[in-house]
Each structure stands twice: as C-alpha cells, then as structure tokens.
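A.B. asks: Mind looking over this structure? Questions follow.
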Amino acid sequence: MADAAVMPGLPRAAAGATATAQVRSGIRFDRVTVAYRSTVALADFSLDVEPGEVMALLGPSGSGKTTALRAVAGFVAPTAGRILLGDTDVTTMPPFRRGIGMVVQQYALFPHMRVEQNVAFGLRAAKAARSTIATRVAECLTMVGMAAYARRYPHELSGGQQQRVAIARALAIRPRVLLLDEPLSALDAQLRSGMLNEIARLHRELPDVTILYVTHDQVEALTLADRIAVMNDSRLVDVGTAQSLYQQPPSDFTATFVGNANLVPVTVEAYDATREEARVRFAACSVVVRANGGVTPGERRTLCVRPHALALESPGSGANAIEAKVVEVQWRGSAHRLYLDIDGIELRADSKPLREPPHRGERLTVHFASHDATLLAAAGPGRGAERGRG
Amino acid sequence: MLLPSRVSRVGAWALFFVLFVPVFGLPIVVVGAASIAGQWNDVLPSHLTLRHLHDAFVSNAGVELVTSLATGVIASVVALVIGTWAALAVRALRRRGAKVIGTLFVLPIAVPSVSVGLGLLVAFSRPPFLLNGTATIVLIAHVVLVTAFAFSSVSAGLARLPAHYEQVAASLGGRPAYVLFRVTLPLLTPSLVAAAGLCFALSMGELGATIMVYPPGWVTLPVGIFALTDRGAVFDGAALTVLLLVLTLVVLVAVSRIRTRASYR
Numbered sequence: 008m009a010d011a012a013v014m015p016g017l018p019r020a021a022a023g024a025t026a027t028a029q030v031r032s033g034i035r036f037d038r039v040t041v042a043y044r045s046t047v048a049l050a051d052f053s054l055d056v057e058p059g060e061v062m063a064l065l066g067p068s069g070s071g072k073t074t075a076l077r078a079v080a081g082f083v084a085p086t087a088g089r090i091l092l093g094d095t096d097v098t099t100m101p102p103f104r105r106g107i108g109m110v111v112q113q114y115a116l117f118p119h120m121r122v123e124q125n126v127a128f129g130l131r132a133a134k135a136a137r138s139t140i141a142t143r144v145a146e147c148l149t150m151v152g153m154a155a156y157a158r159r160y161p162h163e164l165s166g167g168q169q170q171r172v173a174i175a176r177a178l179a180i181r182p183r184v185l186l187l188d189e190p191l192s193a194l195d196a197q198l199r200s201g202m203l204n205e206i207a208r209l210h211r212e213l214p215d216v217t218i219l220y221v222t223h224d225q226v227e228a229l230t231l232a233d234r235i236a237v238m239n240d241s242r243l244v245d246v247g248t249a250q251s252l253y254q255q256p257p258s259d260f261t262a263t264f265v266g267n268a269n270l271v272p273v274t275v276e277a278y279d280a281t282r283e284e285a286r287v288r289f290a291a292c293s294v295v296v297r298a299n300g301g302v303t304p305g306e307r308r309t310l311c312v313r314p315h316a317l318a319l320e321s322p323g324s325g326a327n328a329i330e331a332k333v334v335e336v337q338w339r340g341s342a343h344r345l346y347l348d349i350d351g352i353e354l355r356a357d358s359k360p361l362r363e364p365p366h367r368g369e370r371l372t373v374h375f376a377s378h379d380a381t382l383l384a385a386a387g388p389g390r391g392a393e394r395g396r397g
Numbered sequence: 180m181l182l183p184s185r186v187s188r189v190g191a192w193a194l195f196f197v198l199f200v201p202v203f204g205l206p207i208v209v210v211g212a213a214s215i216a217g218q219w220n221d222v223l224p225s226h227l228t229l230r231h232l233h234d235a236f237v238s239n240a241g242v243e244l245v246t247s248l249a250t251g252v253i254a255s256v257v258a259l260v261i262g263t264w265a266a267l268a269v270r271a272l273r274r275r276g277a278k279v280i281g282t283l284f285v286l287p288i289a290v291p292s293v294s295v296g297l298g299l300l301v302a303f304s305r306p307p308f309l310l311n312g313t314a315t316i317v318l319i320a321h322v323v324l325v326t327a328f329a330f331s332s333v334s335a336g337l338a339r340l341p342a343h344y345e346q347v348a349a350s351l352g353g354r355p356a357y358v359l360f361r362v363t364l365p366l367l368t369p370s371l372v373a374a375a376g377l378c379f380a381l382s383m384g385e386l387g388a389t390i391m392v393y394p395p396g397w398v399t400l401p402v403g404i405f406a407l408t409d410r411g412a413v414f415d416g417a418a419l420t421v422l423l424l425v426l427t428l429v430v431l432v433a434v435s436r437i438r439t440r441a442s443y444r
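Line order of the protein sequences matches chains A and B.
Just remember that this note's numbering sits 7 ahead of the position in the first sequence, which is counted from 1.
Just remember that this note's numbering sits 179 ahead of the position in the second sequence, which is counted from 1.
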C-alpha cells in the first residue's frame, strides 16, 4: 500500500484538519461482495454515489445496507470487488486513513469525554493545531445548535442532543464523505422528524459532503436523499431518484417497500401508444393505466397503485372506478385505512378521515386516475431501468 | 422484585444469615477473637489482651507486611498489563487461536498453587534462568497465579464493550494505538479496577506457591502466619491475619473508589 501522503486526492482526517478548501469526492462500489464464511452479506454490489450527493441505502434488516456502509468505512473487508473514494481505491486501506465521518444509531459518544472533547477527537488524532481545534469545535457545535453544551458529559444529554454532538464530531474532521448508519432509529417519532430537518439543513450548508445514509425508514430516505438505492437479500434491487422510485417503481419489491403499494396481477387488453396508456383487466374490472415503454395485448403484468391514490370520490372524468367490498376499516388519526376485496383480490385504500366511515361488508366504489397507477413486470425482482451510475 | 411478600423477604434474610454466618462469618470472627485472646480453653477466649496485635506491629511482621504489599502491588500491575494485553490479543485473533491462548492463561487456576511453585523452582534453578533464592521468583509465581484473573476480568469487560466506540474513533482518524489509549482502555477502566482489586487480594493471601519459592529475605505475611501457627503461636498468627485482612480491605476499598466517566456507559 502506497503512503497516503504521496497520493493526491486522498481523503484523510489529517488532510481534512488542515485543508482550507473542501475537495469533493464520491463513492464507487465496484462489484463488491462481502461474505462471512458461507454467509454472503453483500453480493456483487455496484453503485456510484456522485460527489455532494445524498444517497440513501434503503432496505429491510438483513438486506446488506449496513454491510455496504461498513465496507466504505473499512470495518468489513470485501471478499471481491473494489471501493473507491474519489479516484482512490480504498478497498484495503485501514479505516483511520479514509477520512470518513461516521454517525451510528447508538451515537457512540465517548462517555469519559466532555462534548467538546468528543468533537475534538478527530482533530486531536490528526494532531491539528490547538487554535484550529478550538475554532473548529466551536464552529461545529454551533452548526448543530449544541454550543451551550460544550462542557457537558454525554450522559447529561438527551438522545437527540447526543446525536447532534455525534454529527458535529463527524463533521469536525471536514470529511468528504459522511456515513450515517440509521442515525435516527433510536429517537422517538417527534425528535426524529426534527433531526431529519436538521440533517437536511446541514447538507444544504455543506453541499460538498457526500452522504451515504443507511435506513429502513422510507420517509427518511424520501425526505433526505437525492437518490435511493433499494436493497434486499444482500443485493441492490433498484436505484433512482426518490420521485422516480415512488411514482414509477421499477420492481414489485421497490413498489411495496417504498410506499407500500397495492400490487395486482393483471392482463393487458389494449394499448394506446399515443397516450402511453393500457387497458388492463383483473377480476371483473377493466381499468386504464399509464404504461410507459409499451405493452402488448394479452401480456400479464402487475398493476401498481398506491393506497392514497384510491379515492372514495371520483377525481374527475376518465378516472377508473372499481366496485369493492369493505373488509376492514381502521382509523389512523390523519387517515382512514380501508381494506377492500374485489373478487378475492385485496386492496388497501387510504382516505382522509371520514365523518361516516363505511361498515364492514358494505359495497362501495373506489376511483383512481390512470396516471396514478403504473404497470410492472409480472413477477420477480429488480428489473430496474437505472442501475449503478444514474 | 424477586420476592414480593414481606414474609418471603424475611425468610430469605434468615436463610442468608444461617448460611453466611457459619460459612463466611465464623472463621473471621474466630480469627479476630483469637488475635486478642490470652487463653482459649473454653467456648469463648479468656484473658483478653492486645499483646499479640502489638507484637505484630513491632516484630518482623512490619517487614513482612511491606514485602506482601510490594509483592501484591507489583504482581497486580504486571498481571494487569499482561492480562489486558492478552485479552486484547485474544479478541483480535481468530476463533481457534483465541481459545488456545484463553485456556493457557486460565490454566494456572486449575493447577494447585504448590505445583505452580514447584514448576517455577525447577524451571528457574539452573543457568541461564537462575532465579532461585531471589525475590523475583516470588513475584513471577504471583504474576503467573493472578494473571489468569486479570485476563478473565478484562476479557469479560472487552466482550461487553460495543465495537462502535472503537470503530467511530478509527473512522475519525484515530490510529490503533491512539484509539487504544484514548478510547478502549478508558472505557475498560471499570474492568481494570475490578481486575486490579482481585489480583491484589489474591496476591496478598497467596501461600501455596510462595512457600515453595520464597527466599529468607522476601517473606510475605501469609508465609509468616503459616510459620507462626506451625510453631504453635496460633494467637500471634491470628493477630497477623487481622493485620493482613485490615490492610487488604483498606487497599480494596481505596481501589473500588476509583470511578471514571466510563461507568456511565
């Protein structure tokens, strides 16, 4: 391994401590596989995170998202493939040379150090000048609104405050890459939404920092990320912008995991190429839906429609109407969730709170606009249109 | 609460006293009483006197006390360093190697301490390892015996230490040695303190191996006590035991007061 000092463009804590100008650098996973004995934790994972981009790794537990993050940090060694930070191959570089800021779910503030000592840790390790340390610590604590708590010990802070300090500590070394591993999971719902806004604001203030954000919470991913990489079963399923994944999920897994969509097997009856719309049939219903890319009559597909797109009132002319039986009604504060049955096919519909919600067994009509539904491949995961570099 | 009713709590306390007083309490009380006994021909001692305790201070016991203290402190510190080093190394090793080293370190606990003493005597009785008749061989014996406890205690502490502290420290640019001294060891302080106390207490009471290897110039308190009781001076031996107990207790209480911020983890 060549000496870090002679490698230009190498992100390292020491360089970050003295650098005046921030150098942008992205992350590239090049066919990375991580295996522990016979268990594969990450399989043939390729992904490019652009400099300054916020990329969310979203997936259920065991999907490999944390392994991918730990591989970037240097805590797990890939069994195959390469990881690059900027132009530098860091696959075998020890963690302390990588110059990466990391924030973990458990905060991991050093309990024997005051807040200011925690934030100064990386700078002290890099032997930064005393005056630089003082300035930078004050600057970072102010940035996260914790300047008044500099002399406190971690156990004297609340969970949210500790996480702010953890973020300040990671930012103090001026990392080019910030890894956030489920940073809000340990916080209660109200604090979580506040911290989400904080992180979004921090990224606006530090647009050069590339952020890899691991979460199982789709709201966090949709709120923060420029792009989302959806993972399942140690593999990358789809990657795309939050909006594209939500509105036109490339796979049924993404459709379900991001936005909890209704997936209904359908048969294509007709296709209108000029309007890019298809008429599809399921049970006794025939509906018109968006079909970008073309379909052929007779083809079997999966209809994807979000629960909140199904309305009890008609949204206007041309909307689809489906007759359904109410199976279950749940009040969820800001919405009513209806479980509907259409000849054995279950649909979930979210409506605004109803004054007189329907009763179980009642028959009603639900509507959805053709552009609120999309067609996916009939079955099987990952036919993502966009993979790797997007 | 495990025992919700008052009756069950009273019962538990009663059982505790029935078991504790004869097994743990009585020997200590008897030793204490013997240290101030002039005669003991009946159920209780008679002709109570402070002469034995006084003699304990003015006789050789003072030297033996210092010897024991020095042995205990040196052995504990060395054992703590070796035990911590071994525990850190074992954690970093792969599973099989870790098990072998772990077992080797704990082995001296399973062997009679007299055998450990005998082994050292044979091993260090001829050049180039000629340590027979020196204080060093006593220190080595104590280190061998107490390192197992330091190793076990620190290993347990390391196993409880979440990996993310060291990982975050490394990601912030901390080199391995920097992380060890600034993060790992400070966070292990509660385990290190417990290990130090345990090692010191064990060393202070060690007799089996010491009696095999001690030179005339390095007599520890337990050896002195054994010699006195062997000669029939039971009350003098009891007085020395009280001295040993009090001293060990004072040091242990002092050590247990070392608390750090790591305790808040």
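For each residue, glycine too, the CB sits at the ideal point set by N, CA and C.
For a quick check, are the C-beta atoms of B:Thr408 and B:Thr399 less than 8 Å apart?
C.D. replies: No, the Cβ-Cβ distance between B:Thr408 and B:Thr399 is not below 8 Å.
A.B. asks: Check A:Ala28 in the structure and name its three-state DSSP category.
C.D. replies: Its pLDDT being 39, under 50, A:Ala28 is placed unreliably in this model, and the value from its coordinates should be taken loosely. In the structure shown, A:Ala28 sits in coil (DSSP, three-state: anything other than H, G, I, E or B).
A.B. asks: Taking C-beta pairs closer than 7 Å, name the residues in chain A that B:Leu318 reaches, listed in chain order.
C.D. replies: Chain A residues near B:Leu318: none, gap ~32 Å exceeds 7 Å.
A.B. asks: Counting pairs of beta carbons, one from the stretch 207-217 of chain B and one from the stretch 373-391 of chain B, are three or more of them closer than 8 Å?
C.D. replies: Short answer: they don't touch.
A.B. asks: Please list, in chain order, the chain C residues whose beta carbon lies closer than 8 Å to that of B:Arg354.
C.D. replies: Absent from the structure: chain C. Protein chains present are A and B.
A.B. asks: So, A:Met100 versus A:Gly81, is the Cβ gap smaller than 8 Å?
C.D. replies: Cβ distance < 8 Å, so A:Met100 and A:Gly81 count as in contact.
A.B. asks: Could you tell me if B:Val425 is buried or exposed, where buried requires 16 or more neighbouring beta carbons within 10 angstroms of its beta carbon?
C.D. replies: Label assigned to B:Val425: exposed.
A.B. asks: When DSSP labels each residue in this structure, what does A:Tyr346 get in the three-state scheme?
C.D. replies: A:Tyr346 falls in the strand class under three-state DSSP.
A.B. asks: Mapping DSSP to helix, strand and coil, what is A:Arg362?
C.D. replies: Three-state result, A:Arg362: coil.
A.B. asks: Pop quiz: A:Thr309 and A:Leu383 are said to be a contact at Cβ under 8 Å. What is the actual Cβ separation, rounded to whole angstroms?
C.D. replies: At roughly 4 Å, the Cβ-Cβ gap stays under 8 Å, so A:Thr309 and A:Leu383 are in contact.
A.B. asks: Tell whether a beta-carbon distance below 8 Å holds between A:Asn267 and A:Val312.
C.D. replies: Not closer than 8 Å, so no.
A.B. asks: State yes or no: is the beta carbon of B:Gln346 nearer than 8 Å to at least one beta carbon in chain A?
C.D. replies: Closer than 8 Å to some Cβ of chain A, the Cβ of B:Gln346 qualifies, so yes.
A.B. asks: Using DSSP bridges, identify the partner residues of A:Ile218.
C.D. replies: DSSP, once it has assigned bridges, lists A:Val61, A:Leu185 as partnering A:Ile218.
A.B. asks: Determine, for B:Ala338, whether the minimum Cβ-Cβ distance to residues of chain A falls below 8 Å.
C.D. replies: No, B:Ala338 lies away from the interface with chain A (no Cβ there is under 8 Å from its Cβ).
A.B. asks: Grab me the residues of A:Gln225's own chain with a C-beta within less than 6 Å of its C-beta, minus the 5 sequence neighbours each way, in chain order.
C.D. replies: Result list for A:Gln225: Val265, in chain order.
A.B. asks: Would A:Tyr156 pass as an interface residue toward chain B - the criterion being a Cβ-Cβ separation below 8 Å?
C.D. replies: Not an interface residue.
A.B. asks: Kindly indicate which three-state DSSP category B:Gln218 falls into: helix, strand or coil?
C.D. replies: In the structure shown, B:Gln218 sits in a strand (DSSP, three-state: E or B).
A.B. asks: Any C-beta of chain B sitting closer than 8 Å to the C-beta of A:Gly129?
C.D. replies: With 8 Å as the cut-off, A:Gly129 counts as an interface residue toward chain B.
A.B. asks: On the criterion of 16 or more Cβ atoms from any shown chain inside 10 Å, does A:Asn125 qualify as buried, or is it exposed?
C.D. replies: With 16 or more other Cβ atoms within 10 Å, it is buried.
A.B. asks: Can you grab the Cα-Cα spacing for the pair A:Ala318 / A:Val333, in whole Å?
C.D. replies: Cα to Cα, the separation comes out at about 14 Å.
A.B. asks: Report yes or no: do the stretch 226-236 of chain A and the stretch 76-91 of chain A share at least 3 C-beta pairs separated by less than 8 Å?
C.D. replies: They do not touch, by the three-pair rule.
A.B. asks: Roughly how many whole angstroms lie between the Cα atoms of A:Arg355 and A:His315?
C.D. replies: Computed Cα separation, rounded: 9 Å.
A.B. asks: As a quick exercise: from B:Ala314, B:Gly217, B:Leu267, B:Ala327, pick the residue whose alpha carbon is nearest that of B:Val358.
C.D. replies: Per the Cα distances, B:Leu267.
A.B. asks: Closer than 8 Å, CB to CB, is B:Ala433 near chain A or not?
C.D. replies: No, its Cβ sits nowhere closer than 8 Å to a Cβ of chain A.
A.B. asks: Can you name, in chain order, every residue of its own chain whose Cβ lies under 8 Å from the Cβ of A:Leu185, other than the five neighbours on each side?
C.D. replies: Once the five neighbours on either side are set aside, the close Cβ partners of A:Leu185 are Ile107, Gly108, Met109, Val110, Ala177, Leu178, Val216, Thr217, Ile218, Leu219.
A.B. asks: Given a limit of 7 Å on CB to CB distance, which residues of the stretch 113-128 of chain A reach chain B?
C.D. replies: Cβ contacts with chain B come from Gln113, Ala115, Phe117, Pro118, His119, Phe128.
A.B. asks: Using a Cβ-Cβ cutoff of less than 7 Å, which residues in the same chain neighbour B:Phe328 once the five nearest sequence positions on both sides are dropped?
C.D. replies: Excluding sequence neighbours, B:Phe328 sits near Ala374, Leu377, Cys378, Leu381.
A.B. asks: Alpha carbon to alpha carbon, what distance is there between A:Pro118 and B:Phe414?
C.D. replies: Answer to the nearest angstrom: the Cα atoms are 50 Å apart.
A.B. asks: Please check the pair B:Leu272 and B:Ile280, which I expect to be a contact at CB under 8 Å, by giving their CB distance rounded to whole angstroms.
C.D. replies: The pair is a contact, with the Cβ atoms about 7 Å apart (cut-off 8 Å).
A.B. asks: In the DSSP assignment, what residue or residues form a beta bridge with A:Thr96?
C.D. replies: As written in the sequence, residue 96 of chain A is Asp, which differs from the Thr given in the question. DSSP, once it has assigned bridges, lists A:Leu91 as partnering A:Asp96.
A.B. asks: To the nearest angstrom, report how far apart B:Leu232 and A:Ala135 are at their CA atoms.
C.D. replies: The straight-line gap from Cα to Cα measures roughly 60 Å.
A.B. asks: Candidates A:Ala280, A:Arg297, A:Gly300, A:Arg307: which alpha carbon is nearest A:Phe289's?
C.D. replies: Comparing Cα positions, the closest option is A:Arg307.
A.B. asks: Provide the residue span of the alpha helix (DSSP H) that contains A:Pro272, from first to last.
C.D. replies: Note, A:Pro272: premise wrong, no alpha helix (DSSP H); beta strand (DSSP E) at 269-279.
A.B. asks: Can you tell me the Cα-Cα spacing of A:Ala20 and A:Asp94, whole angstroms?
C.D. replies: With a pLDDT of 39 at A:Ala20, under the threshold of 50, the predicted position of this residue should be treated as unreliable, and no value is reported.
A.B. asks: Just to check my reading of the structure: B:Val325 and B:Ala277 have Cβ atoms closer than 8 Å, yes? What is that Cβ distance to the nearest angstrom?
C.D. replies: That belief does not hold up - the Cβ atoms of B:Val325 and B:Ala277 are roughly 21 Å apart, past 8 Å.
A.B. asks: Got a sec: is the Cβ-Cβ distance from A:Met109 to anything in chain B below 8 Å?
C.D. replies: Cβ-Cβ to chain B under 8 Å: yes for A:Met109.
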